[in-house]
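Participant: Under full-length UniProt numbering, the residue at position 264 of the sequence shown is numbered 264, and the numbers go up by one with no gaps. All residues carry an ideal CB built from backbone N, CA and C; glycine is no exception. Have a look at the structure that comes next, please.
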Amino acid sequence: MARIRQQRTVLLAAIVIGLVALAAGMNKWAVLALLVLMIAIVLLNSMPAVQAKLAEPPELEPEAPASLLPAVSATLAGLDIPVMLLSGDASVLFQNRAAERAFGEVVIGAHISARLRSPGILDMVGETIATNAPNQIEHSERLPSERVYIVRSAPIDLGGAGNGERFFLLSFRDISEVRRIDRMRSDFVANASHELRTPLASLRGFIETIQGPAKNDPKAQERFLGIMFDQTTRMSRLVDDLLSLSRLELKSHIAPDEKVDLVPLLGHVRDALVPLATEVGVEINLHLPEGKAEVLGDRDELVQVFENLMENACKYGQEGKVVDVHVKNASGEAVEVSIADKGPGIPAEHVPRLTERFYRVNIEDSRSKKGTGLGLAIVKHILTRHRARLIVKSEIGKGTEFTVRF
(Lines of atoms letter the chains of each structure in order from A and count residues from 1; the text may use other names and numbers.)
(Lines give C-alpha, C1' and ligand atoms only; values in the text may rest on other atoms or scores of the structure.)
Protein backbone atom coordinates (compact mmCIF):
# COMPACT_ATOMS: atom_id res chain seq x y z
CA MET A 1 0.00 0.00 0.00
CA ALA A 2 2.93 2.33 0.67
CA ARG A 3 4.17 1.89 -2.91
CA ILE A 4 0.64 2.51 -4.27
CA ARG A 5 0.45 5.76 -2.30
CA GLN A 6 3.75 6.75 -3.86
CA GLN A 7 2.13 6.19 -7.33
CA ARG A 8 -1.11 8.10 -6.57
CA THR A 9 -0.32 10.84 -9.10
CA VAL A 10 -0.19 8.32 -11.95
CA LEU A 11 -3.37 6.65 -10.76
CA LEU A 12 -5.16 9.99 -10.49
CA ALA A 13 -4.12 10.82 -14.05
CA ALA A 14 -5.48 7.46 -15.23
CA ILE A 15 -8.84 8.13 -13.57
CA VAL A 16 -9.04 11.59 -15.18
CA ILE A 17 -8.28 10.11 -18.59
CA GLY A 18 -11.02 7.50 -18.06
CA LEU A 19 -13.60 10.18 -17.18
CA VAL A 20 -12.65 12.21 -20.25
CA ALA A 21 -13.01 9.10 -22.39
CA LEU A 22 -16.48 8.44 -20.99
CA ALA A 23 -17.48 12.06 -21.69
CA ALA A 24 -16.25 11.65 -25.26
CA GLY A 25 -18.66 8.76 -25.70
CA MET A 26 -16.36 5.77 -25.41
CA ASN A 27 -17.81 2.46 -24.28
CA LYS A 28 -17.80 2.26 -20.50
CA TRP A 29 -16.43 -1.28 -20.53
CA ALA A 30 -13.54 -0.21 -22.67
CA VAL A 31 -12.82 2.66 -20.28
CA LEU A 32 -12.99 0.26 -17.28
CA ALA A 33 -10.61 -2.16 -18.97
CA LEU A 34 -8.21 0.69 -19.67
CA LEU A 35 -8.29 1.77 -16.02
CA VAL A 36 -7.63 -1.80 -14.78
CA LEU A 37 -4.74 -2.11 -17.22
CA MET A 38 -3.16 1.12 -16.02
CA ILE A 39 -3.54 0.13 -12.34
CA ALA A 40 -1.95 -3.27 -13.06
CA ILE A 41 1.01 -1.60 -14.76
CA VAL A 42 1.52 0.66 -11.74
CA LEU A 43 1.40 -2.32 -9.35
CA LEU A 44 3.85 -4.36 -11.45
CA ASN A 45 6.27 -1.46 -11.51
CA SER A 46 6.15 -1.29 -7.71
CA MET A 47 6.88 -5.05 -7.11
CA PRO A 48 10.71 -5.03 -7.53
CA ALA A 49 11.06 -2.37 -4.85
CA VAL A 50 8.82 -4.37 -2.50
CA GLN A 51 10.72 -7.56 -3.22
CA ALA A 52 14.03 -5.78 -2.67
CA LYS A 53 12.75 -4.48 0.64
CA LEU A 54 11.65 -7.95 1.68
CA ALA A 55 15.00 -9.41 0.64
CA GLU A 56 16.94 -7.14 2.97
CA PRO A 57 17.88 -9.01 6.20
CA PRO A 58 15.94 -7.77 9.20
CA GLU A 59 17.87 -5.81 11.75
CA LEU A 60 18.40 -8.05 14.78
CA GLU A 61 18.20 -6.66 18.23
CA PRO A 62 21.40 -7.34 20.25
CA GLU A 63 21.03 -10.41 22.46
CA ALA A 64 22.16 -10.51 26.05
CA PRO A 65 25.38 -12.58 26.44
CA ALA A 66 24.80 -16.18 27.59
CA SER A 67 25.97 -16.99 31.11
CA LEU A 68 29.49 -18.39 31.27
CA LEU A 69 29.05 -19.96 34.71
CA PRO A 70 28.22 -23.47 33.39
CA ALA A 71 31.32 -23.41 31.18
CA VAL A 72 33.50 -22.16 34.03
CA SER A 73 32.13 -24.86 36.35
CA ALA A 74 32.79 -27.56 33.75
CA THR A 75 36.38 -26.36 33.38
CA LEU A 76 37.02 -26.25 37.12
CA ALA A 77 35.53 -29.74 37.53
CA GLY A 78 38.35 -31.13 35.39
CA LEU A 79 41.13 -29.77 37.62
CA ASP A 80 42.92 -32.14 40.00
CA ILE A 81 43.50 -29.49 42.68
CA PRO A 82 40.76 -28.33 45.10
CA VAL A 83 39.00 -25.25 43.68
CA MET A 84 35.97 -23.23 44.83
CA LEU A 85 34.09 -20.50 42.93
CA LEU A 86 32.85 -17.74 45.24
CA SER A 87 30.43 -14.88 44.79
CA GLY A 88 30.99 -11.30 45.90
CA ASP A 89 29.68 -12.07 49.39
CA ALA A 90 31.97 -15.13 49.77
CA SER A 91 29.18 -17.63 49.12
CA VAL A 92 30.18 -20.90 47.45
CA LEU A 93 28.80 -21.14 43.90
CA PHE A 94 30.73 -24.26 42.90
CA GLN A 95 33.34 -26.69 44.22
CA ASN A 96 35.03 -29.43 42.22
CA ARG A 97 35.49 -33.08 43.18
CA ALA A 98 39.00 -32.50 44.48
CA ALA A 99 37.66 -29.89 46.92
CA GLU A 100 34.91 -32.27 48.06
CA ARG A 101 37.46 -35.02 48.75
CA ALA A 102 39.79 -32.67 50.62
CA PHE A 103 37.31 -30.63 52.68
CA GLY A 104 33.92 -32.35 52.37
CA GLU A 105 30.84 -31.29 50.46
CA VAL A 106 29.51 -27.78 51.07
CA VAL A 107 25.95 -26.59 50.41
CA ILE A 108 25.92 -24.42 47.29
CA GLY A 109 25.04 -20.88 48.27
CA ALA A 110 26.42 -21.25 51.80
CA HIS A 111 29.09 -18.89 53.07
CA ILE A 112 32.67 -20.15 52.81
CA SER A 113 32.98 -20.09 56.59
CA ALA A 114 30.45 -22.94 56.78
CA ARG A 115 33.16 -25.29 55.50
CA LEU A 116 36.52 -23.60 56.15
CA ARG A 117 37.01 -22.28 59.68
CA SER A 118 40.61 -21.08 59.26
CA PRO A 119 40.80 -17.38 60.25
CA GLY A 120 43.73 -16.93 57.87
CA ILE A 121 41.77 -18.17 54.83
CA LEU A 122 38.65 -16.18 55.77
CA ASP A 123 40.66 -12.98 56.27
CA MET A 124 42.43 -13.51 52.96
CA VAL A 125 39.14 -14.03 51.09
CA GLY A 126 37.67 -10.93 52.73
CA GLU A 127 40.69 -8.86 51.72
CA THR A 128 40.53 -10.10 48.12
CA ILE A 129 36.84 -9.20 47.90
CA ALA A 130 37.50 -5.77 49.40
CA THR A 131 40.55 -4.89 47.27
CA ASN A 132 39.84 -7.01 44.16
CA ALA A 133 43.50 -8.10 44.30
CA PRO A 134 44.92 -11.67 44.48
CA ASN A 135 46.28 -13.01 47.78
CA GLN A 136 47.80 -16.26 49.02
CA ILE A 137 48.76 -17.86 52.34
CA GLU A 138 50.09 -21.19 53.59
CA HIS A 139 47.53 -23.34 55.39
CA SER A 140 47.98 -26.60 57.33
CA GLU A 141 45.33 -29.27 57.94
CA ARG A 142 45.92 -31.64 60.88
CA LEU A 143 42.95 -33.99 60.43
CA PRO A 144 42.27 -36.55 59.05
CA SER A 145 45.95 -36.41 58.01
CA GLU A 146 48.56 -33.70 58.04
CA ARG A 147 48.46 -31.70 54.79
CA VAL A 148 50.00 -28.36 53.82
CA TYR A 149 48.42 -26.13 51.14
CA ILE A 150 49.25 -22.90 49.37
CA VAL A 151 45.80 -21.26 49.34
CA ARG A 152 45.22 -18.53 46.73
CA SER A 153 42.22 -16.25 46.23
CA ALA A 154 41.84 -14.13 43.09
CA PRO A 155 39.09 -12.25 41.23
CA ILE A 156 38.06 -13.63 37.84
CA ASP A 157 36.51 -11.74 34.92
CA LEU A 158 33.62 -13.48 33.16
CA GLY A 159 33.35 -10.83 30.43
CA GLY A 160 30.10 -9.25 31.58
CA ALA A 161 28.29 -12.56 31.73
CA GLY A 162 27.61 -12.04 35.39
CA ASN A 163 25.53 -8.90 34.80
CA GLY A 164 27.80 -6.85 37.02
CA GLU A 165 28.23 -9.53 39.71
CA ARG A 166 31.80 -10.26 40.85
CA PHE A 167 33.30 -13.74 41.13
CA PHE A 168 36.37 -15.07 42.94
CA LEU A 169 38.40 -18.25 42.68
CA LEU A 170 39.76 -20.02 45.77
CA SER A 171 42.40 -22.68 44.96
CA PHE A 172 44.46 -25.07 47.11
CA ARG A 173 47.88 -26.36 45.96
CA ASP A 174 49.04 -29.33 48.02
CA ILE A 175 52.73 -29.02 48.94
CA SER A 176 52.73 -31.73 51.63
CA GLU A 177 55.04 -34.02 49.64
CA VAL A 178 57.44 -31.17 48.89
CA ARG A 179 57.63 -30.31 52.59
CA ARG A 180 58.15 -33.96 53.51
CA ILE A 181 61.04 -34.24 51.05
CA ASP A 182 62.55 -31.00 52.35
CA ARG A 183 62.29 -32.32 55.90
CA MET A 184 63.91 -35.62 54.88
CA ARG A 185 66.71 -33.74 53.13
CA SER A 186 67.33 -31.61 56.19
CA ASP A 187 67.32 -34.68 58.43
CA PHE A 188 69.66 -36.46 56.04
CA VAL A 189 72.18 -33.61 56.05
CA ALA A 190 71.98 -33.35 59.85
CA ASN A 191 72.42 -37.11 60.31
CA ALA A 192 75.26 -37.34 57.79
CA SER A 193 77.03 -34.44 59.49
CA HIS A 194 76.60 -36.09 62.87
CA GLU A 195 77.87 -39.46 61.61
CA LEU A 196 81.00 -37.83 60.19
CA ARG A 197 81.55 -35.46 63.11
CA THR A 198 81.86 -38.27 65.67
CA PRO A 199 84.79 -40.14 64.05
CA LEU A 200 86.45 -36.87 63.06
CA ALA A 201 86.33 -35.70 66.67
CA SER A 202 87.85 -39.02 67.78
CA LEU A 203 90.62 -38.76 65.20
CA ARG A 204 91.46 -35.23 66.26
CA GLY A 205 91.54 -36.19 69.93
CA PHE A 206 93.82 -39.19 69.35
CA ILE A 207 96.15 -37.20 67.11
CA GLU A 208 96.49 -34.51 69.79
CA THR A 209 97.17 -37.22 72.39
CA ILE A 210 99.86 -38.85 70.25
CA GLN A 211 101.46 -35.48 69.62
CA GLY A 212 101.29 -34.60 73.32
CA PRO A 213 101.09 -36.92 76.37
CA ALA A 214 101.64 -40.15 74.36
CA LYS A 215 104.43 -38.73 72.26
CA ASN A 216 106.95 -41.13 73.74
CA ASP A 217 104.59 -44.02 74.58
CA PRO A 218 104.74 -46.68 71.80
CA LYS A 219 102.08 -48.91 73.38
CA ALA A 220 99.57 -46.03 73.67
CA GLN A 221 100.36 -44.94 70.12
CA GLU A 222 99.74 -48.46 68.81
CA ARG A 223 96.39 -48.67 70.61
CA PHE A 224 95.31 -45.19 69.48
CA LEU A 225 96.37 -45.84 65.89
CA GLY A 226 94.19 -48.98 65.85
CA ILE A 227 91.19 -46.98 67.00
CA MET A 228 91.96 -44.27 64.45
CA PHE A 229 92.12 -46.90 61.71
CA ASP A 230 88.66 -48.20 62.72
CA GLN A 231 87.24 -44.66 62.66
CA THR A 232 88.64 -43.88 59.22
CA THR A 233 87.32 -47.22 57.94
CA ARG A 234 83.89 -46.31 59.28
CA MET A 235 84.00 -42.91 57.56
CA SER A 236 85.10 -44.57 54.33
CA ARG A 237 82.12 -46.95 54.48
CA LEU A 238 79.79 -44.04 55.17
CA VAL A 239 81.08 -42.04 52.20
CA ASP A 240 80.84 -45.12 49.96
CA ASP A 241 77.23 -45.67 51.04
CA LEU A 242 76.37 -42.01 50.43
CA LEU A 243 77.86 -42.21 46.93
CA SER A 244 75.92 -45.43 46.28
CA LEU A 245 72.67 -43.74 47.26
CA SER A 246 73.40 -40.79 44.97
CA ARG A 247 74.12 -43.08 42.02
CA LEU A 248 70.98 -45.12 42.64
CA GLU A 249 68.79 -42.01 42.82
CA LEU A 250 70.11 -40.82 39.45
CA LYS A 251 69.04 -44.01 37.67
CA SER A 252 66.05 -45.04 39.82
CA HIS A 253 63.67 -44.53 36.86
CA ILE A 254 65.57 -46.95 34.60
CA ALA A 255 64.64 -50.59 35.16
CA PRO A 256 67.43 -53.13 34.44
CA ASP A 257 66.74 -55.57 31.61
CA GLU A 258 69.47 -58.23 31.97
CA LYS A 259 68.66 -61.77 33.09
CA VAL A 260 70.36 -62.74 36.36
CA ASP A 261 70.31 -66.24 37.83
CA LEU A 262 69.91 -65.91 41.59
CA VAL A 263 71.08 -69.46 42.38
CA PRO A 264 74.82 -68.97 41.70
CA LEU A 265 74.60 -65.32 42.84
CA LEU A 266 73.40 -66.30 46.32
CA GLY A 267 76.09 -68.97 46.52
CA HIS A 268 78.71 -66.34 45.73
CA VAL A 269 77.33 -63.99 48.41
CA ARG A 270 77.27 -66.76 51.02
CA ASP A 271 80.89 -67.70 50.25
CA ALA A 272 81.99 -64.06 50.59
CA LEU A 273 80.34 -63.79 54.02
CA VAL A 274 81.62 -67.05 55.47
CA PRO A 275 84.54 -65.36 57.31
CA LEU A 276 82.18 -62.83 58.95
CA ALA A 277 79.66 -65.56 59.82
CA THR A 278 82.38 -67.72 61.33
CA GLU A 279 83.66 -64.77 63.38
CA VAL A 280 80.24 -64.16 64.97
CA GLY A 281 79.42 -67.87 65.26
CA VAL A 282 76.66 -68.05 62.66
CA GLU A 283 76.05 -70.66 59.96
CA ILE A 284 74.44 -69.55 56.66
CA ASN A 285 72.27 -72.29 55.11
CA LEU A 286 71.13 -72.00 51.48
CA HIS A 287 67.90 -73.70 50.37
CA LEU A 288 68.01 -73.40 46.59
CA PRO A 289 65.66 -74.85 43.93
CA GLU A 290 66.82 -77.16 41.18
CA GLY A 291 67.59 -75.37 37.96
CA LYS A 292 67.63 -71.61 37.51
CA ALA A 293 65.85 -68.77 39.29
CA GLU A 294 66.16 -65.93 36.79
CA VAL A 295 65.02 -62.35 37.24
CA LEU A 296 65.60 -59.12 35.31
CA GLY A 297 68.23 -57.13 37.16
CA ASP A 298 71.70 -55.72 37.61
CA ARG A 299 74.00 -58.42 38.99
CA ASP A 300 76.28 -56.11 40.98
CA GLU A 301 73.34 -54.31 42.60
CA LEU A 302 71.63 -57.60 43.51
CA VAL A 303 74.88 -58.82 45.06
CA GLN A 304 74.87 -55.63 47.15
CA VAL A 305 71.25 -56.28 48.23
CA PHE A 306 71.79 -59.85 49.40
CA GLU A 307 75.19 -59.12 50.96
CA ASN A 308 73.54 -56.41 53.03
CA LEU A 309 70.61 -58.57 54.12
CA MET A 310 72.74 -61.63 54.94
CA GLU A 311 75.34 -59.54 56.76
CA ASN A 312 72.60 -57.89 58.87
CA ALA A 313 71.13 -61.31 59.65
CA CYS A 314 74.54 -62.54 60.82
CA LYS A 315 75.32 -59.44 62.90
CA TYR A 316 71.95 -58.76 64.52
CA GLY A 317 70.67 -62.34 64.66
CA GLN A 318 73.90 -63.98 65.86
CA GLU A 319 72.17 -65.17 69.03
CA GLY A 320 70.22 -67.66 66.92
CA LYS A 321 73.44 -69.09 65.40
CA VAL A 322 71.69 -69.86 62.08
CA VAL A 323 70.66 -67.82 59.02
CA ASP A 324 68.41 -69.59 56.49
CA VAL A 325 68.17 -68.39 52.88
CA HIS A 326 65.22 -69.77 50.87
CA VAL A 327 64.53 -69.21 47.16
CA LYS A 328 60.97 -69.69 45.92
CA ASN A 329 60.61 -70.16 42.16
CA ALA A 330 57.23 -71.79 41.56
CA SER A 331 55.88 -71.80 38.01
CA GLY A 332 53.65 -68.81 37.29
CA GLU A 333 54.52 -67.09 40.57
CA ALA A 334 56.92 -64.30 41.51
CA VAL A 335 60.49 -65.22 42.43
CA GLU A 336 61.10 -64.71 46.15
CA VAL A 337 64.25 -64.78 48.26
CA SER A 338 63.79 -64.97 52.04
CA ILE A 339 66.59 -64.41 54.57
CA ALA A 340 65.62 -65.39 58.12
CA ASP A 341 67.50 -65.33 61.40
CA LYS A 342 66.57 -66.61 64.84
CA GLY A 343 67.74 -63.55 66.73
CA PRO A 344 65.93 -61.31 69.23
CA GLY A 345 63.56 -59.82 66.65
CA ILE A 346 62.56 -56.21 65.99
CA PRO A 347 59.77 -54.38 67.88
CA ALA A 348 56.75 -53.75 65.63
CA GLU A 349 56.93 -49.96 65.94
CA HIS A 350 60.38 -49.92 64.33
CA VAL A 351 59.62 -52.14 61.29
CA PRO A 352 57.98 -49.46 59.06
CA ARG A 353 61.00 -47.15 59.44
CA LEU A 354 63.82 -49.65 58.89
CA THR A 355 64.57 -48.42 55.35
CA GLU A 356 64.86 -44.76 56.34
CA ARG A 357 68.34 -43.28 56.06
CA PHE A 358 70.30 -43.39 59.33
CA TYR A 359 67.37 -44.97 61.18
CA ARG A 360 68.56 -47.45 63.80
CA VAL A 361 66.60 -49.63 66.21
CA ASN A 362 69.53 -49.47 68.64
CA ILE A 363 72.13 -46.80 67.88
CA GLU A 364 74.90 -48.15 70.12
CA ASP A 365 74.38 -51.73 68.95
CA SER A 366 74.50 -50.59 65.30
CA ARG A 367 77.70 -48.61 65.76
CA SER A 368 79.37 -51.40 67.69
CA LYS A 369 78.65 -53.67 64.70
CA LYS A 370 80.12 -51.05 62.34
CA GLY A 371 76.82 -50.17 60.68
CA THR A 372 76.38 -46.88 58.81
CA GLY A 373 72.59 -46.71 59.06
CA LEU A 374 72.31 -46.61 55.26
CA GLY A 375 72.34 -50.30 54.35
CA LEU A 376 68.60 -50.91 54.19
CA ALA A 377 68.04 -47.53 52.52
CA ILE A 378 70.37 -48.70 49.73
CA VAL A 379 68.52 -52.03 49.55
CA LYS A 380 65.20 -50.20 49.19
CA HIS A 381 66.52 -47.98 46.37
CA ILE A 382 67.97 -50.94 44.46
CA LEU A 383 64.77 -52.95 44.77
CA THR A 384 62.70 -49.94 43.69
CA ARG A 385 64.81 -49.74 40.52
CA HIS A 386 64.28 -53.48 40.02
CA ARG A 387 60.50 -53.05 40.52
CA ALA A 388 60.75 -55.45 43.47
CA ARG A 389 59.42 -55.32 47.05
CA LEU A 390 61.03 -55.76 50.44
CA ILE A 391 58.76 -57.46 52.98
CA VAL A 392 59.79 -57.53 56.65
CA LYS A 393 58.32 -59.90 59.24
CA SER A 394 59.61 -59.98 62.80
CA GLU A 395 58.54 -61.33 66.14
CA ILE A 396 60.21 -60.54 69.44
CA GLY A 397 62.21 -63.53 70.64
CA LYS A 398 61.70 -65.54 67.45
CA GLY A 399 63.73 -63.70 64.84
CA THR A 400 63.33 -61.63 61.69
CA GLU A 401 62.68 -62.51 58.06
CA PHE A 402 63.43 -60.21 55.09
CA THR A 403 61.78 -61.27 51.82
CA VAL A 404 62.62 -59.85 48.40
CA ARG A 405 59.75 -60.39 45.95
CA PHE A 406 60.49 -59.73 42.28
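If you drop the 5 nearest sequence neighbours on each side, which residues of the same chain put their C-beta closer than 7 Å to that of residue 132?
Facilitator: For the purposes of this step, residue 132 is taken as residue 132 along the sequence shown, with counting starting at 1. Excluding positions up to five away in sequence, the list reads 155.
Participant: One question on the structure: do residue 92 and residue 112 come within less than 8 Å of each other, judged by their Cβ atoms?
Facilitator: Taking the first residue of the sequence shown as position 1, residue 92 is located at position 92. Taking the first residue of the sequence shown as position 1, residue 112 is located at position 112. For residue 92 and residue 112, yes; Cβs fall inside 8 Å.
Participant: In the stretch 269 to 356, which residue ranges form an unbroken beta strand (DSSP E) of at least 3 residues, counting only runs that do not cross its ends?
Facilitator: Complete beta strand (DSSP E) runs here, min 3: 283 to 287, 294 to 296, 322 to 328, 336 to 341.
Participant: Reducing DSSP to helix, strand and coil, say where residue 138 ends up.
Facilitator: Numbered from its first residue, the sequence shown carries residue 138 at position 138. Here residue 138 sits in strand by DSSP.
Participant: Return the CA-CA distance between residue 282 and residue 361, expressed in angstroms with no decimal places.
Facilitator: Residue 282 sits at position 282 when you count from the first residue of the sequence shown. Residue 361 sits at position 361 when you count from the first residue of the sequence shown. The straight-line gap from Cα to Cα measures roughly 21 Å.
Participant: Do you know whose CA, among 327, 382, 209, lies nearest residue 297's CA?
Facilitator: Mapped onto the sequence shown, residue 297 falls at position 297. Here the closest residue by C-alpha is 382.
Participant: Whose C-beta lies closer than 6 Å to the C-beta of residue 152 among residues of the same chain, with five residues either side of it excluded?
Facilitator: Reading the sequence shown from its first residue, position 152 is the one you call residue 152. Cβ within range, chain order: 136, 171.
Participant: Check the C-beta distance from residue 80 over to residue 98 and give it rounded, since I have them as a contact under 8 Å.
Facilitator: Your numbering for residue 80 matches position 80 in the sequence shown. Your numbering for residue 98 matches position 98 in the sequence shown. Between residue 98 and residue 80 the Cβ distance is about 6 Å, and since that is below 8 Å, they are a contact.
Participant: Could you give the first and the last residue of the continuous alpha helix (DSSP H) run that contains residue 236?
Facilitator: For the purposes of this step, residue 236 is identified with residue 236 of the sequence shown, where counting begins at 1. First-last of the alpha helix (DSSP H) with residue 236: 218 to 250.
Participant: Could you tell me if residue 249 is buried or exposed, where buried requires 16 or more neighbouring beta carbons within 10 angstroms of its beta carbon?
Facilitator: Working through the sequence shown from its first residue, we reach residue 249 at position 249. Result: exposed.
Participant: Please identify the residue among 148, 167, 138 whose C-alpha is closest to the C-alpha of residue 412.
Facilitator: Residue 412 falls outside the range modelled here, since the chain spans only 1 to 406, and no answer is possible.
Participant: Check residue 394 in the structure and name its three-state DSSP category.
Facilitator: In the sequence shown, the residue the question calls residue 394 occupies position 394. DSSP places residue 394 in strand when its eight states are reduced to three.
Participant: Drop a sphere of 10 angstroms on the beta-carbon of residue 349, count the other beta-carbons inside from all chains shown, and report buried for 16 or more, exposed for fewer.
Facilitator: For the purposes of this step, residue 349 is identified with residue 349 of the sequence shown, where counting begins at 1. It counts as exposed.
Participant: Using alpha carbons as the reference points, say which of 182, 188, 129 lies closest to residue 165.
Facilitator: Here the question's residue 165 lines up with position 165 in the sequence shown. Residue 129 is the option with its Cα nearest to residue 165.
Participant: Would you identify the three-state DSSP class for residue 387, choosing helix, strand or coil?
Facilitator: Start at 1 with the first residue of the sequence shown, and residue 387 comes out as number 387. DSSP places residue 387 in coil when its eight states are reduced to three.
Participant: Less than 8 Å between the CB atoms is what I'm expecting for residue 323 and residue 317, so what's the real figure, rounded?
Facilitator: By 1-based counting over the sequence shown, the position of residue 323 is 323. By 1-based counting over the sequence shown, the position of residue 317 is 317. Residue 323 to residue 317, Cβ: 6 Å. Contact.
Participant: Identify which residue in 189, 373, 341 has its Cα closest to the Cα of residue 237.
Facilitator: Stepping through the sequence shown from its first residue, residue 237 is reached at position 237. Answer by Cα proximity: 373.
Participant: Unbroken beta strand (DSSP E) runs of length 3 or more, entirely within the stretch 68 to 124: which are they?
Facilitator: Entirely contained in the stretch 68 to 124, the beta strand (DSSP E) runs reaching 3 residues are, in chain order, 83 to 87, 92 to 95.
Participant: With distances taken from CA atoms, which of 195, 346, 339 is nearest residue 395?
Facilitator: The sequence position of residue 395 within the sequence shown is 395, counting from 1. For residue 395, the nearest C-alpha among the options comes from 346.
Participant: Suppose you measure from the CA of residue 75 to the CA of residue 96; what does that come to, to the nearest Å?
Facilitator: Counting from one through the sequence shown, the residue named residue 75 turns up at place 75. Counting from one through the sequence shown, the residue named residue 96 turns up at place 96. Each residue's alpha carbon lies about 9 Å from the other.
Participant: Determine the burial state of residue 291: buried for a count of at least 16 other Cβ atoms within 10 Å of its Cβ, exposed for fewer.
Facilitator: Along the sequence shown, read from residue 1 onward, the residue named residue 291 stands at position 291. Result: exposed.
Participant: For residue 154, name the three-state secondary structure that DSSP assigns.
Facilitator: By 1-based counting over the sequence shown, the position of residue 154 is 154. In the structure shown, residue 154 sits in a strand (DSSP, three-state: E or B).
Participant: What number of angstroms, rounded off, separates the C-alpha of residue 115 from the C-alpha of residue 180?
Facilitator: The sequence position of residue 115 within the sequence shown is 115, counting from 1. The sequence position of residue 180 within the sequence shown is 180, counting from 1. Cα to Cα, the separation comes out at about 27 Å.
Participant: Rounded to a whole number of angstroms, what is the C-alpha to C-alpha distance between residue 335 and residue 294?
Facilitator: One-based indexing of the sequence shown puts residue 335 at position 335. One-based indexing of the sequence shown puts residue 294 at position 294. For residue 335 and residue 294, the distance between alpha carbons rounds to 8 Å.
Participant: Identify every residue that forms a DSSP beta bridge with residue 149.
Facilitator: For the purposes of this step, residue 149 is identified with residue 149 of the sequence shown, where counting begins at 1. Note: residue 149 sits in a beta bridge opposite 139, 174.
Participant: Looking at the unbroken beta strand (DSSP E) that takes in residue 260, where does it start and where does it end?
Facilitator: Here residue 260 refers to the residue found at position 260 of the sequence shown. Residue 260 -> beta strand (DSSP E) spans 259 to 261.
Participant: In whole angstroms, what is the alpha-carbon distance linking residue 225 and residue 195?
Facilitator: Position 225 of the sequence shown, counted from the start, is the residue given in the question as residue 225. Position 195 of the sequence shown, counted from the start, is the residue given in the question as residue 195. Straight-line Cα distance between these residues: approximately 20 Å.
Participant: Under three-state DSSP, which class holds residue 183?
Facilitator: Mapped onto the sequence shown, residue 183 falls at position 183. Helix.
Participant: Could you tell me whether the Cβ atoms of residue 407 and residue 199 are closer together than 8 Å?
Facilitator: An answer regarding residue 407 cannot be provided, because it is not within the stretch 1 to 406 covered by the chain.
Participant: How would you label residue 339, buried or exposed, when you count the other beta carbons within 10 angstroms and need 16 or more for buried?
Facilitator: Reading the sequence shown from its first residue, position 339 is the one you call residue 339. Looking at its Cβ environment, which holds 16 or more other Cβ atoms inside 10 Å, residue 339 is buried.
Participant: DSSP three-state call for residue 361: helix, strand or coil?
Facilitator: Position 361 of the sequence shown, counted from the first residue, corresponds to residue 361. Looking at residue 361 - three-state DSSP - the assignment turns out to be coil, as it is neither helix nor strand.
Participant: Nearest to residue 351 by CA position, among 305, 402, 304, is which residue?
Facilitator: In the sequence shown, residue 351 corresponds to position 351, counting from 1. With distances taken between Cα atoms, residue 351 lies closest to 402.
Participant: Drop a sphere of 10 angstroms on the beta-carbon of residue 357, count the other beta-carbons inside from all chains shown, and report buried for 16 or more, exposed for fewer.
Facilitator: Sequence index remark: in the sequence shown, residue 357 carries index 357 (1-based). So residue 357 counts as buried.
Participant: Grab the span of the beta strand (DSSP E) containing residue 402 for me, first residue to last.
Facilitator: What you label residue 402 is simply residue 402 of the sequence shown in a count that begins at 1. That run of the beta strand (DSSP E) goes 399 to 405.
Participant: For residue 203, which residues of its own chain have a beta-carbon under 8 Å away from its beta-carbon, when the five flanking residues on both sides are left out?
Facilitator: Start at 1 with the first residue of the sequence shown, and residue 203 comes out as number 203. These residues qualify, in order along the chain: 228, 231, 232.
Participant: Should residue 259 go down as buried or exposed, given a rule of 16 or more other Cβ atoms within 10 Å for buried?
Facilitator: Translated into positions along the sequence shown, residue 259 becomes position 259. Exposed.
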